[in-house]
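Participant: Let me begin by handing over the structure; questions about it come next.
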Amino acid sequence: MDKLFFGSNTIELEQVDSTNTYAMKLANDANCVEGTVINTKLQTEGKGQREGFWESASGQNLTFSCIVKPSFLSASEQFNLNKAVSLGIYDYVNFELDASNFQNEVTIKWPNDIYVSDKKISGILIENIIAQSKIKSSVIGIGINVNQTSFATMIPNAISIKGITQNTVDLHNALNSCLKYLEIRYLQLRNGNTEALHNDYMKNLYKHNTWHDYKTPDGKITGKIIDITPFGKLVVKNKAGRSSNYDFKEIQYL
C-alpha cells in the first residue's frame, strides 16, 4: 500500500531545536495540511517523555514530527491515538528487522517506547491541541535509532537498526516506509477499529503477563501487567492478586 497523505507535505530542515516545537506552531494554523511532516537531520533540543531529552547523532537517525487532525476522537480517547502510533512504529521496526534474528523481540514498552529485546530503539512524544472536548490537532514526534551505533554513556540501553542488522539504512527510504506504516494504523483508528488496535497493542506489550519489578508510590512491587485502561493507565496485578491502575508518572520499570 502506498501512503496517501502522510508526508504529502514534507518540510526538510538541516537543524532545528525540536521538530515538535516547530510542528506545534504549524498545527495551530487552520490551513495546515493533515499529514504534514517536519523532518530534520539534527535536533538540538529534541523532546522525550518525562521532560526528557532525545539524543541523536546528526544525519544518522529518523527525527521527525507529523501533524494529524483526529477530530473524530474525544479528548478522553487520546490514548487510542497513542496505540495506533506505537503500532505503526512497531510495524516499521519489524519491517526493517525482517531478515534478522531479532524480529520476534520487538515490543512496545508502555506507554510508547519501542524496544528490541530489552533495549530502546524508538521514542514517541504526542502533543494534542484540544478544542471543545475534541482533539483538534496532534503533533506526533518520533525518534528512531537507525544508523547510529555509538551512544552516550548516559543512555546505556539504546540500540539501532544498524546495530542489529549491521546494514546501513537509506534514511529517505526509511522515512517513507515509516510513514506508510503509520498511515495504515492511523486509518485503522479513523475507521473505528479500536478493538483490533487494543488487541494488537496488548499482544506486543513489553512485559505483558510477565512478573517484573516496578517502583510505585507505595514502594517496590513485583507485578504483572494485565491490561491498559481506556485512559491509558497501566493495570498491574501484584503477587497478592490485587490490581492497581497507574498513570505514566506513577510507576517505573526496574
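Heads up, the sequence shown is in the working numbering, so the first residue is 690 and it goes up one at a time. Every residue, glycine too, gets a C-beta built ideally from N, C-alpha and C.
Taking just the CA atoms, how far does V805 sit from N790?
Facilitator: If you number the sequence shown from 1, residue 790 lands on position 101. If you number the sequence shown from 1, residue 805 lands on position 116. When rounded, the distance between both Cα atoms is 11 angstroms.
Participant: Which of the three DSSP states, helix, strand or coil, is assigned to V858?
Facilitator: To locate residue 858, count along the sequence shown from 1; it is residue 169. Reduced to three states, the DSSP call for V858 is coil.
Participant: Here's a check: name, in chain order, each residue in its chain whose Cβ is nearer than 6 angstroms to the Cβ of G748, leaving out the five neighbours to either side.
Facilitator: As a working mapping, residue 748 is identified with position 59 in the sequence shown. The residues are K730.
Participant: So what does DSSP say about Q821, is it helix, strand or coil?
Facilitator: Counting from one through the sequence shown, the residue named residue 821 turns up at place 132. It is coil, neither helix nor strand.
Participant: Give me the Cα-Cα distance between S827 and E884, rounded to the nearest whole angstrom.
Facilitator: If you number the sequence shown from 1, residue 827 lands on position 138. If you number the sequence shown from 1, residue 884 lands on position 195. Going by the C-alpha atoms only, they are around 21 angstroms apart.
Participant: Which runs of the alpha helix (DSSP H) spanning at least 4 residues fall entirely within the region 895 to 926, listed in chain order?
Facilitator: The qualifying runs do not exist here; there are none.
Participant: Is it right to say L943 is buried, meaning 16 or more other beta carbons lie within 10 angstroms of its own, or is it exposed?
Facilitator: What you label residue 943 is simply residue 254 of the sequence shown in a count that begins at 1. Under this definition L943 is an exposed residue.
Participant: Along the chain, where does the beta strand (DSSP E) containing S775 start, and where does it finish?
Facilitator: Sequence index remark: in the sequence shown, residue 775 carries index 86 (1-based). Segment Q767 to E785 is the alpha helix (DSSP H) holding S775; no beta strand (DSSP E) there.
Participant: With distance defined between alpha-carbon atoms, name the residue in N898, Y875 and I940 nearest to A773.
Facilitator: Along the sequence shown, read from residue 1 onward, the residue named residue 773 stands at position 84. When each option's Cα is compared against that of A773, the closest is Y875.
Participant: Which class does A847 belong to by DSSP, given the choice of helix, strand or coil?
Facilitator: For the purposes of this step, residue 847 is identified with residue 158 of the sequence shown, where counting begins at 1. DSSP places A847 in strand when its eight states are reduced to three.
Participant: Skipping 5 residues on each side, what residues in its chain have a beta carbon closer than 8 angstroms to that of L886?
Facilitator: Counted from its first residue, the sequence shown places residue 886 at position 197. Cβ within range, chain order: N769, K772, A773, L776, R874, Q877 and L878.
Participant: Note down, in chain order, each residue of its chain lying with its Cβ closer than 7 angstroms to the Cβ of S849, except the 5 sequence neighbours on either side.
Facilitator: Position 160 of the sequence shown holds residue 849. Closer than 7 angstroms at Cβ, skipping near neighbours: I810, N834, V835, N836, Q837 and T838.
Participant: Taking the continuous beta strand (DSSP E) assigned at T699, which residues delimit it?
Facilitator: Numbered from its first residue, the sequence shown carries residue 699 at position 10. It spans T699 to V705 - the beta strand (DSSP E) in which T699 sits, taken as one unbroken run.
Participant: For K904, which residues in the same chain have their Cβ closer than 6 angstroms to its Cβ, ignoring the five residues on either side in sequence?
Facilitator: Counted from its first residue, the sequence shown places residue 904 at position 215. So the qualifying residues of the chain are Q941 and L943.
Participant: Starting from the C-beta of W799, find all residues in its chain whose C-beta is less than 6 angstroms away, skip the five residues before and the five after it, and write them out in chain order.
Facilitator: Translated into positions along the sequence shown, residue 799 becomes position 110. Within the same chain, W799 has close Cβ partners L923.
Participant: Could you pull the DSSP bridge partners for C755 from this structure?
Facilitator: The residue given as residue 755 occupies position 66 in the sequence shown. Partner(s): V726 and I829.
Participant: Does the region 751 to 760 come close enough to the region 713 to 730 that 3 or more CB-CB pairs lie under 8 angstroms?
Facilitator: Yes: at least three Cβ pairs fall under 8 angstroms.
Participant: Looking at C-alpha atoms only, which residue of S745, H897, N783 and G921 is the closest neighbour of D706?
Facilitator: Mapped onto the sequence shown, residue 706 falls at position 17. The shortest C-alpha separation from D706 is found at S745.
Participant: Return yes when the Cβ of N893 is within less than 9 angstroms of the Cβ of T918, no when it is not.
Facilitator: Working through the sequence shown from its first residue, we reach residue 918 at position 229. Working through the sequence shown from its first residue, we reach residue 893 at position 204. Cβ distance not < 9 angstroms, so T918 and N893 don't count as in contact.
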